[in-house]
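**Q** Chains as they are written, first to last, in my numbering: chain A, 75 to 240; chain B, 84 to 303; chain C, 10 to 206. Using N, Cα and C, we set each Cβ at its ideal position, and we do this for glycine too. Quick caveat: nothing in here was measured; it's all calculated off a predicted structure.
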Amino acid sequence: MLAGDSDRYAALVERYRDRYARYAARMLGSADAAEDAVQDAFVRAYDQLAQCKEPEKFVGWFFLILRNRCFAERRRNRTSAPLEAAESVAAADRTDGGAESAERRRALQLALLELTPDQREVFVLKHVEGLSYGEIAERLSTSVPSLKMRMHRAYDKLREQLREQR
Amino acid sequence: MLLAFALPLALLLQQAPIADRLRGRVSPEIAALATELGTAAAARGLPLDPLIQKAIEGNAKGVPADRVAAAMRLVVSQLDASHTALRGSPALAADTVAVAAGAFALNAGLKDGDVAALSRSVADAPASDVIVGLRVAGTLVALGVPPAETVNLVQATLKAGRPAGELLGLPGQIQAQVAKGTPPAQAAAGLARAAAAQSRRGPPPGRGQPPARPGPPPHP
Amino acid sequence: MSEREFHSFVKQLLDGDITIADLPAELRSEGEEALRLLAAVDRRPVQLDGLTARVMAQIAEHPKRKFWRRVLQPREFRVRVRPWLMVPALAAAAALVLWIGRSGPPSSPASPALVTVRFVLSAPDAHEVSVAGTFNQWNADATPLVRTDAGVWTATLTLPAGEHQYAFVVDGVRWVPDPAAPAVDDGFGRRNSVLTL
């Protein structure tokens with residue numbers, strides 16, 4: 075690999091490494107798990123760089139690679155992630171006075187982890203990342219009606235989970 | 084990086100956080116300046132975050148190195164000035180969060196004397212509220228409220244014994260009045276008068292007065 | 010006892026298609042429950058400092074050998090131990106929260122330590138807009154705004170209490186302070202917007 079290519083890729087990584095960090099963190103339950111997934115995704119993207127046809131679309135193409143990593147990560151770490159979710163949220167909030175809202179955030183994150191990855195993803199893209207259904211449909215190459223069906227199922231499961239947690 | 088290995092461990096431990104936070108985000112020259120200025124500043128009890136943020140900001144905005152260096156030196160001088168202005172209140176002067184808040188207020192347009200005056204509000208309110216007061220003061224000046232009216236309003240609000248949340252609402256209230264055509268100075272003076280009237284009525288329950296209904300006295 | 014599923018009107022509320030005022034009285038409390046659920050969403054920015062170095066180091070190793078190792082050794086669950094020299098993954102946001110916490114008693118209930126903030130900029134002619142500030146290391150690529158109809162761009166973040174400075178970055182090159190916010194000198198001849206939480 076030429077030194078120049080490596081520098082150019084490092085600059086790309088530096089530029090975009092935080093862009094989907096929040097999406098990964100909410101999909102996987104912790105910033106630590108997100109870090110692993112984003113790191114893996116960037117390495118894979120490098121290996122597959124030849125397949126990225128349009129350089130201007132690197133970000134969108136990278137997102138799909140990261141998405142796959144997030145889905146794969148969840149399958150592997152199913153039993154362990156909830157513990158990390160509690161630690162990483164608690165670590166950030168332990169000195170503030172908003173213990174109640176921190177607890178609610180943690181509870182919702184745990185509930186999110188009980189959804190299927192598809193349900194969790196549509197919830198995260200709409201309610202964390204702020205995308206519209208139309209934008210999500212375009213990004214995931216699916217239809218708005220099918221997304222709404224997924225989301226509405228997610229709302230019910232979250233409600234059930236939050237009640238069970240109490 | 085190579086330089087780091089040549090330094091003794093204690094110095095390394097102090098400098099490593101600065102270098103870590105700047106790695107890949109600024110030029111080596113700015114990183115070196117940040118480490119030099121930051122280490123000395125930390126030894127004087129000043130916070131590092133404003134300096135590091137300024138270096139990162141300059142790089143992100145594509146500002147030439149000499150301009151970034153000048154801005155960094157300005158940040159340090161503002162931190163020093165804040166530290167001095169807070170000297171009358173040991174609790175604040177020793178608190179890096181307070182020093183940073185004071186520096187923000189100075190950068191926004193308050194004078195050293197204004198920051199010193201606000202620091203004396205520790206006689207009326209907890210230090211953590213006075214720190215919020217310093218931040219809010221800077222924000223009010225940034226909105227166009229003259230320093231004298233700003234200091235007056237923040238002091239009056241602290242003295243009235245209201246919770247910090249109310250301080251944080253002041254900029255919004257000023258903005259709302261300005262939007263309707265009231266000059267900022269006048270808007271601030273009006274809010275200060277209202278706060279002073281509240282002072283005369285007494286602080287809200289929970290700050291030392293018994294509740295209106297008979298019952299056990301509140302915990303202090 | 011009560012319904013397991015949200016009423017379809019409440020789902021429309023959750024989707025943002027209607028407001029709570031549009032709900033019939035008997036669905037009001039279910040609507041409030043739904044809004045409480047949304048209020049618990051964690052929108053804090055996440056920063057992955059140090060990631061670039063780790064990615065490039067991994068790439069520098071022979072890629073094929075790395076793949077073999079992963080196939081042969083099952084991935085173990087590991088708790089990441091962070092030496093104090095390293096900045097935690099939650100980076101600036103977490104650091105600010107801890108920073109404030111050290112100064113004295115926790116903030117009063119009237120001023121929560123984390124606040125959800127919506128950034129809004131009307132820029133109908135822009136192709137892309139992002140917000141960069143002290144909460145995301147001034148990274149113009151970290152927090153893009155989403156364009157709604159009528160050319161209004163928005164982004165929602167959850168930020169810790171404290172003083173934040175920021176500016177919008179339009180089309181990747183133009184740094185624009187928020188016209189609706191107080192402004193201070195940035196030390197480089199421009200102005201930054203201020204957000205005091």
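1. Classify residue 56 (chain C) as helix, strand or coil using the three-state DSSP reduction.
2. Do residue 154 (chain C) and residue 164 (chain C) have their C-beta atoms closer together than 7 angstroms?
3. Would DSSP call residue 33 (chain C) helix, strand or coil?
4. Beta-carbon of residue 128 (chain C) versus every beta-carbon of chain A: anything under 7 angstroms?
5. Using the DSSP secondary-structure output, state which residues sit across from residue 127 (chain C) in a beta bridge.
6. Taking 7 angstroms as the cut-off, decide whether the C-beta atoms of residue 174 (chain C) and residue 203 (chain C) are in contact.
7. For the alpha helix (DSSP H) that residue 146 (chain C) lies in, which residues bound it at each end?
8. Does DSSP classify residue 187 (chain B) as helix, strand or coil?
9. Using 7 angstroms as the limit for Cβ to Cβ distance, is residue 119 (chain C) near chain B?
10. I'd like to know whether the C-beta atoms of residue 278 (chain B) and residue 231 (chain B) end up nearer to each other than 7 angstroms.
11. Take residue 215 (chain B) and list the residues in its own chain whose beta-carbon comes closer than 7 angstroms to its own, dropping the five residues that flank it on each side.
12. Under a CB-based cut-off of 7 angstroms, is residue 61 (chain C) close to chain A?
13. Specify whether the stretch 108–120 of chain A and the stretch 48–61 of chain C touch according to this definition: at least 3 beta carbon pairs, one from each stretch, less than 8 angstroms apart.
14. Return yes when the Cβ of residue 183 (chain B) is within less than 7 angstroms of the Cβ of residue 130 (chain B), no when it is not.
15. Return the bridge partner residues of residue 194 (chain C) from the DSSP annotation.
16. Are residue 169 (chain B) and residue 162 (chain B) close, meaning C-beta to C-beta below 7 angstroms?
17. Is residue 113 (chain A) near the ligand FMN, in the sense that its beta carbon is under 6 angstroms from a heavy atom of that ligand?
18. Do you know offhand how far residue 105 (chain A)'s Cα is from residue 54 (chain C)'s?
19. May I ask you to list the residues that DSSP assigns as paired with residue 261 (chain B)?
20. Who are the neighbours of residue 136 (chain B) on chain C, taking C-beta pairs under 7 angstroms?
21. Can you tell me which of the three DSSP states residue 181 (chain B) falls into?
22. What did DSSP end up calling residue 15 (chain C) once you bin it into helix, strand or coil?
23. Evaluate residue 206 (chain B) with the Cβ neighbour count: other Cβ atoms within 10 Å of its Cβ, from every protein chain shown; 16 or more gives buried, anything less gives exposed.
24. Do we get a CB-CB distance below 7 angstroms when we pair residue 54 (chain C) with the residues of chain A?
25. So, for residue 108 (chain B): in the same chain, excluding its five sequence neighbours on each side, which residues have a beta-carbon less than 7 angstroms away from its beta-carbon?
26. By DSSP's criteria, residue 179 (chain A) is part of a beta bridge. Which residues make up the other side?
27. For the beta strand (DSSP E) holding residue 228 (chain B), just list the boundary residues, first then last.
28. When the cut-off is 7 angstroms and only beta carbons count, does residue 14 (chain C) lie next to chain A?
29. Along the chain, where does the beta strand (DSSP E) containing residue 172 (chain C) start, and where does it finish?
30. How about residue 107 (chain B): is its C-beta nearer than 7 angstroms to some C-beta of chain C?
31. Could you have a look at residue 139 (chain C) and say whether DSSP puts it in helix, strand or coil?
32. If I measure Cβ to Cβ from residue 41 (chain C) and keep anything under 8 angstroms in the same chain, skipping five residues before and after, which residues do I get?
33. Are the C-beta of residue 79 (chain A) and some C-beta of chain C separated by less than 7 angstroms?
34. Please say whether residue 116 (chain B) and residue 196 (chain C) have beta carbons closer to each other than 7 angstroms?
35. Could you pull out every residue in the same chain whose Cβ sits closer than 6 angstroms to the Cβ of residue 209 (chain B), ignoring the five residues on either side in sequence?
36. Could you check whether the Cβ of residue 177 (chain C) sits closer than 7 angstroms to any Cβ belonging to chain B?
**A** Result, derived from the coordinates:
1. coil
2. yes
3. coil
4. no
5. C:165
6. yes
7. Run containing residue 146 (chain C): none; DSSP gives neither H nor E here.
8. helix
9. Per-residue confidence for residue 119 (chain C) stands at a pLDDT of 43, beneath the threshold of 50, marking its modelled position as unreliable; the derived number appears in the next sentence. Answer yes: the Cβ-Cβ gap between residue 119 (chain C) and chain B drops below 7 angstroms somewhere.
10. no
11. 247, 250 and 251
12. yes
13. yes
14. yes
15. C:200
16. no
17. Ligands are entirely absent from the displayed structure, and the ligand FMN is therefore not among its contents.
18. 10 angstroms
19. According to DSSP, which records beta bridges pairwise, residue 261 (chain B) is partnered with nothing at all.
20. 143
21. helix
22. coil
23. exposed
24. yes
25. 139 and 142
26. Per DSSP, none; premise fails for residue 179 (chain A).
27. Neither: residue 228 (chain B) is in no beta strand (DSSP E) and is coded neither H nor E.
28. yes
29. 172–179
30. yes
31. strand
32. 29
33. no
34. no
35. none
36. no
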